[in-house]
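Residue numbers (the numbering used here), protein chains in the order written: chain A, 1 to 555; chain B, 1001 to 1555.
Beneath this line is the structure, given in C-alpha cells, with notes to follow.
Protein chains: 2
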Amino acid sequence: MSDFFQAHQKTLDEAVAASRTRDFWTPYPEIASGKIYGETAKEDGASAFQARLDCAFSLPDHPADGPPVGAETSPYGGDLGIKYPSASVASLIDAAKTAGIGWAAASIETRVGICLEILHRLNKNSFEMAHAVSQTTGQAFMMAFQAGGPHAQDRGLEAVAYAYAEMTRTPHTATWTKPQGKHDPLVMEKTYRVVPRGVALTIGCATFPTWNGYPGLFASLATGNPVIVKPHPGAILPLAITVEIGRNVLKEAGFDPNVLLLAADEPGAEITKQLVTHPDVKIVDFTGSNAFGTWVRENAGSGTKVYTEEAGVNSIVIASTDNFKGMCSNIAFSLSLYSGQMCTAPQNIYVPKGGIDTDDGHKSFDEVAEAIKVAVDKLLGDPDRAAGICGAISNDAVSERVKAAESLGTVLRQSETITSLPNARTATPMILKVGESQSKAHREERFGPISFIIATDDVAQAIDSASALAAEKGAITAAIYATDDQTIDAAADAFSAAGVGLSCNLTGGIFVNQNAAFSDFHVSGGNPAGNACLTDTAFVANRFTVAAIRRHKAA
Amino acid sequence: MSDFFQAHQKTLDEAVAASRTRDFWTPYPEIASGKIYGETAKEDGASAFQARLDCAFSLPDHPADGPPVGAETSPYGGDLGIKYPSASVASLIDAAKTAGIGWAAASIETRVGICLEILHRLNKNSFEMAHAVSQTTGQAFMMAFQAGGPHAQDRGLEAVAYAYAEMTRTPHTATWTKPQGKHDPLVMEKTYRVVPRGVALTIGCATFPTWNGYPGLFASLATGNPVIVKPHPGAILPLAITVEIGRNVLKEAGFDPNVLLLAADEPGAEITKQLVTHPDVKIVDFTGSNAFGTWVRENAGSGTKVYTEEAGVNSIVIASTDNFKGMCSNIAFSLSLYSGQMCTAPQNIYVPKGGIDTDDGHKSFDEVAEAIKVAVDKLLGDPDRAAGICGAISNDAVSERVKAAESLGTVLRQSETITSLPNARTATPMILKVGESQSKAHREERFGPISFIIATDDVAQAIDSASALAAEKGAITAAIYATDDQTIDAAADAFSAAGVGLSCNLTGGIFVNQNAAFSDFHVSGGNPAGNACLTDTAFVANRFTVAAIRRHKAA
C-alpha cells in the first residue's frame, strides 16, 4: 500500500524543500504540449470530455439515495446535460464516517502516497480537466489547462507537502529519559499518533473549482479526514472528475472509496448549509463571497475548523515608472485575463491627480488613464486573441454587474462583447475614472471586468487609501509602480500590515494576478479576504491532533 | 540588540531539537537547590517575596489611569496587601498598540532573544516566584517552585521554540527562477515578512498562573504581538513579577516596555470581558472554566484567534495490574497532589464490578476501592507530609464543592482538613463509590479533591464510558492499568479518538497529572477540555501571517 509513497517520494521531498527555499518548482508542466503529456493527450482529453456530456456521471459505490442532479450550462453556450449521483446529507455523512475509520488508521505514508498518486493521475488527465474547467467557468482553454490543471495540482501538492512535514514533525516513538541523580533514570516509552479531526467539507467556487478547491481537499485528506466535496452547482464537473480519480486510487489501495465523496446539487436546492451545520462536520474549506463566508464562519459548529477564501478589493498604486509602456501593457493584461474574474485581479488603480514621472516624460493623470485604456484596446484588438485572454463570463450576475457599473464614474472604456465568441456570455474590461474623495463606488468589491482609475491627492494618499481599503474590505494582491526605494518601502510596510503581498514594478511576463505555488502565499488570513492562508503551516496543522501513549520502559 | 539571541542560541537550538526528538530536556533545573540557584537564592527569594507584601507594586512607565487595585488573600491565611497599578481598557490597548509598532518591526532574532532572556531571568528568580505562586494558589512550596518556576519556564521556552521554528520556516529572501525554454528565465526577487496579528491577551487562571499563562504569553510575544496579561484577581503576583521582569528586559533592549502590560483587577470588578471583546484584541489565550471559556470563544471578535484550556473529566481505567501496591500508591499520589486542583488530576476511577486480577491475587471491586483509600490515608498520615503534598485549597468555592459532594455517592473516604496548617483552607481527597449506570454525579467535572470509584459491568464498558465522557465533556489526561496489550491497545484507540493522551501502568515516579515539556502534549484541542494544544505548531502558526514583496531581479 505504500507503493504509491515510494513511487512519489522524490516528488514529495522536492515539494517540501521547495516550500522552504521558495524557488520556482513544479512536477506538473504547465505547457499543454503533446511532447510532455503524450501525442494523443489533447485529442484524448477532448473526446473524454465529449463523452461526459448528456450522460449520467458514474461514481460506483457512491451513496445515491437522491435523484440524479445537475444543471450546468457552459458560459460558451449550451447545457452540459450531465447528471450526477446525489445523496442526502445524512447518507453522505454516514458514508464519510464509515470510510473515515480505516482512513484514520492508515499510516501517514500510506495516506500521503495516495494523495500523491491522485495528483499524478489528475496531472495526466489535464486536457480533459481543461475542457471541464473551461466549459463550466468560462476560462479560455489555455488558462483552464494551466489554472485548472497543473497549477491547481501544484496547490494540492503544496498542501500535501505541508501536511506531511507537519505530521512527521513529531516522531512515531520516543524514549524519554529523565536523570535522577545517583538513582536510575526514569525512562518512559512514548508513541504518538496523528488523530484526524473527522469529516471534512470542501465547498468549491464557480470560477476556480480545482485551484481553489485542492488546497483544502488535499490538506484534509492527507491528514486523515474523509472529505465531502460540495461543488458550486455551476461548476460540478471538474470536481466530479477529481472525486472519480481519487476514488479509483483509494479503491486500488484497498480503502473504502467513500473517503472522498461528491455532494452535487442544483441551483436553488443547495445542500451547503445543511452540510456546514452538521455536527459531524469538523473541517470546512470555503471559497466564495464575503456574505456566504460570514455565514459559514458564524454557523459552523463551535469546534469546527473553518478556512475561508472570500473576496476583497485588490489595488495597484502608480507613483512613477521607468517603463511606462511595459507598465501599461502589464496592467492591461491583468485587467483582461479571464475578464477580471480572478480573486487576484486588480480592481482599483490609484494615480496621483498631478500625474507621474515616467521614462517617457511626465504624464498627467488623464494621460496615464488613457494609456492604460489604449493598452487594453490594443491587447484585445484582435477578437480571437481577446477570446483567448478574456474567455467568457461565469454567470449572468457578473454581466449584470458590468452593465450596472456604467453609472459609477466617468466611463473611460466601455465593456464590449467579444465578436469571435457569438454564443458566449462575454465582456471585456470596463474602466471608470473616479476621484478618491468624490467616490465610494470603488470601495466595494465589484467582481468581474470592472476597474477604477482613482485620482488621489498624492502618492501617500494612494498608498494609505489602498492599504486601508485592503485592511477594511480585504485584498489578496497589491502592486506598486515606483522608481524609488522609499516609496516601495512605504508601500511594503502599509500593505504588509494590511495582510497583502506586494508586487513591485511588474512590466514583463509576471502579472499581479499570478500567485506561484511553493513561493507566493495565497491569501494571508490577515484581512477580510479570507481567514486563512492557502497554503501555509497554519492551514494544515489544526486538521489533526496528536495523541500520545506513554508507559514505563520494560526492564 | 541581538546579544540576547547569541547568549541563548544554544538553549534555543536544543529546545527546537527536543521538540522533535521529544526526549527529556530542560535548561531550567527543577531542584530547588542552592548548589544550582546560588547559595543565597532561597533566602533572597523569601526576602524578595516578603518585601512585596503590603506595598504598592511598582511598574515604571506602565499605564495607570485607574486607582491601585489588588485583593489577593493567601490560601494559607491572611491578605497579601499588594496594590497593583490599574489602567482603563482603552489605556491598555492604546499603550499596547503604540508599543506594538516597534515590536512588530524588530527582527525575529531580536524578539526571540528577548523572550529567552526573560525566561532566563525568570529562572534565576524561581525562589521568589515559588513563594508568589504558593501564597496565591495554595500550592505547597516545593510544587510551587517546580510548577510555578522551572516547569512553567519550560512551557514558555517550548512556545518560543515552536514560534522560532515556524517563523524561520520561510526564508527572509528568495530568488524565484522560472525557466522559459530557449528564452531567458523569469527571475523574481522576493522578501518575506512576519506580520504579527496585533494586540494579544493572556487570561491567567487561579491555580497555575505561570504554567498555564506562559505558553500563550511567550507564543504571542515571540511572534511580534504586544501582550496584555490579565491575571486572575486571586493570583496576580506571579504574573505581575513576570511582567516586571519582561518589561525590564524590553527596556534594556531599547523597546517600549508596554509591549508587555499588566491588566490587574479585583474580584467583582473584572475587566476581562471588556478586553476580550475589544476590536483591537486579535489573540486571546484563556485558561479557566468551560462556562467562561465558552463565553470567550463566542464573544471574541470574528477575526480574533482564541486558544483555550478549559476543563474536563480525567479518568483512570483499572483492568488488571502486576503491581497492585504500586498502582494504589501511584493513584493515591495523583489524587492528593495539590488536593486534586490540577487540570490533569484524575477524577474518575473505573473498576469492573467483578474485580480485577493482580499480582496479589484477584481483588474485588470493594477491595480495589479500599486499597486506594488506604493508600491515600497512608500517604497523608503524617500532617507535615500531607501539607507538602496537598497544599491549600485555592478558594472557597472548591471547599464548598467538597462539602456538597458528600451526597453524590457512597463516601469511601471523607475529606479532612490538614492539622499542620491550622490557618489554611485545606481539604484532603474525598473519595466516593458509585455505579456507572446508577450515577450521573461523576459525569460532571467537580474541580477539587473529589473523586469517584465507579463500578462498571466490565473492562470494555469502563473504557467506553471513560472515553465517551472525555469526548463529550473533555479530558486532559487518561490512564489505564492492564497487564495485556490487547486492553492497552483498545484503551489507546478509544482515548486517542477522544483527543486524550494515555498513560499506561504508572506505578513509579511518574504520575498521570504530570505533563513533561517538549515531550508530552498538553491539552489536545480535540475535545471540550480546550480548543488548542499548548504547545504544538498550530498553537503558534496563526499568531502571525507572512507578507511577501516581489520584484523583477535587477539586471
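From the three backbone atoms N, C-alpha and C, an ideal C-beta is built for every residue, glycine too.
Residue nearest to N1531/B within the set T1287/B, P1063/B, E1039/B is T1287/B (criterion: CA-CA distance). Against A159/A, chain B offers no close residue; the least beta-carbon distance is about 14 Å (beta-carbon pairs closer than 9 Å). In this structure, A159/A sits away from V546/A, with a CB-CB distance that is not shorter than 8 Å.
For N1395/B, the CB contacts under 7 Å within the same chain, skipping 5 residues up- and downstream, are A1206, G1234 in chain order. Distance check between R1401/B and each of A1369/B, A1300/B, F1447/B places F1447/B closest, using alpha-carbon atoms only. Ranking K1325/B, S1336/B, A1332/B, M1342/B by CA distance to the CA of D1360/B puts K1325/B first. Not flagged as an interface residue toward chain B: F292/A, since no C-beta distance is shorter than 8 Å.
Counted as a single uninterrupted DSSP element, the alpha helix (DSSP H) harbouring P238/A occupies residues 237-252. The segment 1111-1119 of chain B makes no contact with the segment 1269-1284 of chain B: fewer than 3 CB pairs, one atom from each, lie closer than 8 Å.
Inter-residue distance for L239/A and P215/A is about 13 Å (C-alpha atoms, whole angstroms). Here the alpha carbon of E252/A sits roughly 25 Å from the alpha carbon of R193/A. With a contact defined as Cβ atoms closer than 8 Å, V1243/B and V1259/B miss out at about 10 Å. As the crow flies, the alpha-carbon of N1125/B is around 11 Å from that of G1038/B. Using beta-carbon distances, K1178/B counts as an interface residue toward chain A, with a partner under 8 Å. By the neighbour-count criterion, in which 16 or more other beta carbons inside 10 Å mark a residue as buried, A1263/B falls on the buried side. For D256/A, none of the residues of chain B pass the 9 Å Cβ criterion, the least Cβ distance being about 18 Å. Under DSSP, no beta-bridge partner is assigned to E72/A. M342/A: not part of any beta strand (DSSP E); DSSP gives it neither H nor E.
When C-alpha distances from H1183/B are compared across G509/A, Y307/A, S74/A, F208/A, the shortest belongs to G509/A. Each residue's CA atom was taken as its position, placing Q1274/B and G1149/B some 30 Å apart. Contact between I372/A and I349/A holds, with the beta-carbon distance rounding to 7 Å and staying under 8 Å.
If you look at H183/A, you'll find it in the beta strand (DSSP E) that goes 183-196. Contact between A1482/B and A1319/B is confirmed by a C-beta separation of about 4 Å, below the 8 Å threshold. The DSSP-derived three-state label of R446/A is coil. Runs of the beta strand (DSSP E) lying entirely within the segment 1402-1427 of chain B and spanning at least 3 residues, in chain order: 1410-1413. L186, M188, K190, R193, V195: these are the residues of the segment 185-203 of chain A whose beta carbon lies less than 7 Å from some beta carbon of chain B, given in chain order. Going by DSSP, C1390/B is part of the alpha helix (DSSP H) stretching over 1383-1390. Nearest CB-CB separation between E1309/B and chain A: not below the 8 Å threshold. Following the DSSP letters along the chain, one finds F1292/B inside the alpha helix (DSSP H) bounded by residues 1290-1299. If you check each beta-carbon in the segment 1522-1554 of chain B against every beta-carbon of chain A, the ones closer than 8 Å belong to S1524, G1525, G1526, P1528, N1531, C1533, D1536, T1537, A1538, A1541, N1542, T1545, V1546, A1547, A1548, I1549, R1550, R1551, H1552.
One finds A1547, A1548, I1549, R1550 in chain B with Cβ atoms closer than 8 Å to the Cβ of L502/A, taken in chain order. For I356/A, the beta-bridge partners assigned by DSSP are K363/A. Listed in chain order, the beta strand (DSSP E) elements of length 3 or more contained wholly in the segment 494-534 of chain A are 502-504. For L1157/B and N1542/B, the gap between their C-alpha atoms comes out near 18 Å. Apart from the 5 residues on each side of it in sequence, H278/A sits with its Cβ closer than 7 Å to the Cβ of V89, I93 in its chain, given in chain order. The alpha-carbon separation between S1339/B and K1282/B amounts to approximately 36 Å.
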